[in-house]
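Heads up: the structure comes next, in structure tokens.
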Amino acid sequence: MQLIQVAAVALNQTPLDWTGNLKQIQSAISTARADGASLICLPELCITGYGCEDAFFSPDVQRRALHALQKILPLTEGIIVSVGLPLFHGGALYNCACLIADQRILGFVAKNHLAGDGIHYEPRWFKAWNSPHVSQVEIEGQSYPLGNLIFECGGIRIGFEICEDAWAARRPGRDLSQAAVDLILNPSASHFAFGKQEIRRRLVLESSRAYGVSYLYSNLLGNEAGRVIYDGATLITGNGALLAEGPRLSFQDVVVTSAVIDIDLTRMNRARLVSFQPDQQGQSERRVVASFRFPQIAPDPAIPAAATWETSQAVKAEEFSRAVALGLFDYLRKSRSHGFVISLSGGADSSAVAALVWLLVKLGIAELGLQTFRSKLSHIPELTQATASDDLVFRLLTCVYQST
3 MQLIQVAAVA LNQTPLDWTG NLKQIQSAIS TARADGASLI CLPELCITGY
53 GCEDAFFSPD VQRRALHALQ KILPLTEGII VSVGLPLFHG GALYNCACLI
103 ADQRILGFVA KNHLAGDGIH YEPRWFKAWN SPHVSQVEIE GQSYPLGNLI
153 FECGGIRIGF EICEDAWAAR RPGRDLSQAA VDLILNPSAS HFAFGKQEIR
203 RRLVLESSRA YGVSYLYSNL LGNEAGRVIY DGATLITGNG ALLAEGPRLS
253 FQDVVVTSAV IDIDLTRMNR ARLVSFQPDQ QGQSERRVVA SFRFPQIAPD
303 PAIPAAATWE TSQAVKAEEF SRAVALGLFD YLRKSRSHGF VISLSGGADS
353 SAVAALVWLL VKLGIAELGL QTFRSKLSHI PELTQATASD DLVFRLLTCV
403 YQST
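Below is the structure:
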């Protein structure tokens with residue numbers, strides 16, 4: 003029985019906040035390591051933040067992303083970490099995941115399918131990777147592979163589907179399964195929408211069953227920038243079973259979800275699949291082999307239960323109130339605003355907004371505690387004297403009555 007402990011991470015990042023983003027990544031790696039994880043999946047573009055928009059084109063942004071990557075390397079001693087960043091190569095920009103093992107960059111996987119509908123505009127900044135061949139990219143005088151890579155670390159094969167890749171009709175997962183990959187990592191920047199978590203859950207569960215793999219899904223969290231809210235969903239599945247599901251819409255900056263996966267069981271179940279047709283040719287160019295020693299661990303049958311509100315009959319109302327409350331909190335602290343002003347008529351709209359401000363305080367204090375909640379809003383000096391939630395609401399919310 004070959005068991006490994008893995009972790010999927012949700013991060014609340016801010017575009018171009020190099021210091022803050024790196025601090026969150028360091029915290030995530032440290033927490034996951036302390037939990038016993040030897041493989042950690044961080045979200046899509048977590049080094050720069052997802053919402054950099056046209057700043058992605060800046061050579062300085064690209065250089066600083068690589069500089070941050072170098073700072074992450076020493077944190078990965080004895081573990082494997084995937085981290086997302088933009089990568090400039092051959093005159094084009096690619097949305098990439100970098101796999102690091104024991105302080106060594108093993109290579110970069112570029113996103114195949116770009117999100118270009120709804121609120122997403124990835125084709126404006128990135129090129130989709132459509133080449134079957136592997137290229138070489140030079141960083142700090144070292145050459146690394148770039149392409150649809152398959153990593154073999156300590157005898158365990160690892161592949162990637164980056165967010166939209168898993169939602170496309172011709173997704174990479176099929177080829178990865180034929181290459182006998184044991185574990186698929188999906189670093190995502192998937193925005194919040196009503197009912198979307200149930201679709202994600204089905205997608206990740208069915209992917210692990212149909213492809214005969216273990217599947218890790220990580221996501222961004224909170225109002226990163228502008229009008230987009232991410233719910234921080236994290237999922238770990240194996241052989242069509244849910245192994246772990248992390249809390250959504252957390253007020254924490256870092257949420258780590260861990261599980262123990264059974265590599266031998268995964269391989270046995272895949273071998274039993276009649277539909278499994280291994281590709282015995284054409285994989286050598288894509289494969290990156292690295293020596294790595296996974297620690298021996300004991301089985302862990304526990305499955306963390308989802309938050310009680312996730313199974314509520316009023317889950318849509320729960321999602322709405324929690325998503326907006328978190329979005330208001332993040333917008334308040336990241337824009338360094340000092341509060342909210344509402345034109346209060348007494349109607350449903352203005353009353354709902356006032357209630358949501360109250361809810362952001364209630365939920366924030368319940369999860370973070372009063373002191374940490376205030377420290378996240380330390381740019382508002384008036385809050386230092388607040389000792390209760392009602393006092394915080396009074397100082398954050400100003401209502402101007404305008405009758406209808």
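Positions in the sequence shown are counted from 1; adding 2 to them yields our numbering. By construction, the Cβ of each residue, glycine as well, lies at the ideal position given by its N, Cα and C atoms. What you are looking at is a predicted structure, and each value in this text was computed from that prediction instead of being measured.
Short Cβ contact (8 Å threshold) for residue i with residue j
| i | j | result |
| --- | --- | --- |
| F194 | I141 | no |
| L178 | Y213 | yes |
| I82 | A112 | no |
| L44 | P189 | yes |
| I238 | A246 | yes |
| L5 | I299 | yes |
| L108 | L101 | yes |
| L398 | V359 | yes |
| G248 | A12 | yes |
| L223 | V257 | yes |
| S210 | Y217 | yes |
| A18 | C54 | The question names Ala, yet the displayed sequence has Leu at residue 18. Yes; because the gap between Cβ atoms is below 8 Å, this pair is in contact. |
| A261 | C155 | no |
| A191 | Y403 | no |
| Y333 | N225 | yes |
Endpoints, alpha helix (DSSP H) assigned at residue i
| i | result |
| --- | --- |
| A34 | W20 to D37 |
| I367 | A350 to L370 |
| Q180 | G175 to Q180 |
| L330 | V317 to K336 |
| L398 | S391 to L398 |
Boundaries of the beta strand (DSSP E) in which residue i is found, first to last residue
| i | result |
| --- | --- |
| H416 | A question about residue 416 goes unanswered here, because the residues of the chain that appear run from 3 up to 406. |
| V343 | F342 to L346 |
| P147 | Q144 to L148 |
| T239 | L237 to G240 |
| L218 | S216 to G224 |
Where residue i sits in the DSSP three-state scheme
| i | result |
| --- | --- |
| D255 | coil |
| L95 | strand |
| Q15 | coil |
| F196 | coil |
| I265 | helix |
| P249 | coil |
| D302 | coil |
| T406 | coil |
| R289 | strand |
| A57 | helix |
| T48 | For the sequence presented, residue 48 should be read as Cys rather than Thr. If DSSP states are grouped into helix, strand and coil, C48 belongs with coil. |
| R159 | strand |
| I231 | coil |
| L151 | coil |
| A191 | coil |
Sequence-distant residues of the same chain with beta carbon closer than 8 Å to residue i, five excluded per side
| i | result |
| --- | --- |
| S60 | none |
| Q72 | E142 |
| L75 | I102, Q105, R106 and I107 |
Beta-carbon proximity list for residue i, same chain, < 6 Å, skipping 5 on both sides
| i | result |
| --- | --- |
| G38 | Q7 |
| L379 | R335 and L385 |
Cβ neighbours of residue i in the same chain (closer than 7 Å, five flanking residues each side left out)
| i | result |
| --- | --- |
| P125 | L116 and G118 |
| D167 | K113, N114, H115, R173 and P174 |
| K364 | S391 |
| E163 | R173, P174, G175, I186 and N188 |
Worksheet entry | Within the segment 84-133, ranges of the beta strand (DSSP E) (whole runs, at least 3 residues) | 94-103 and 106-112
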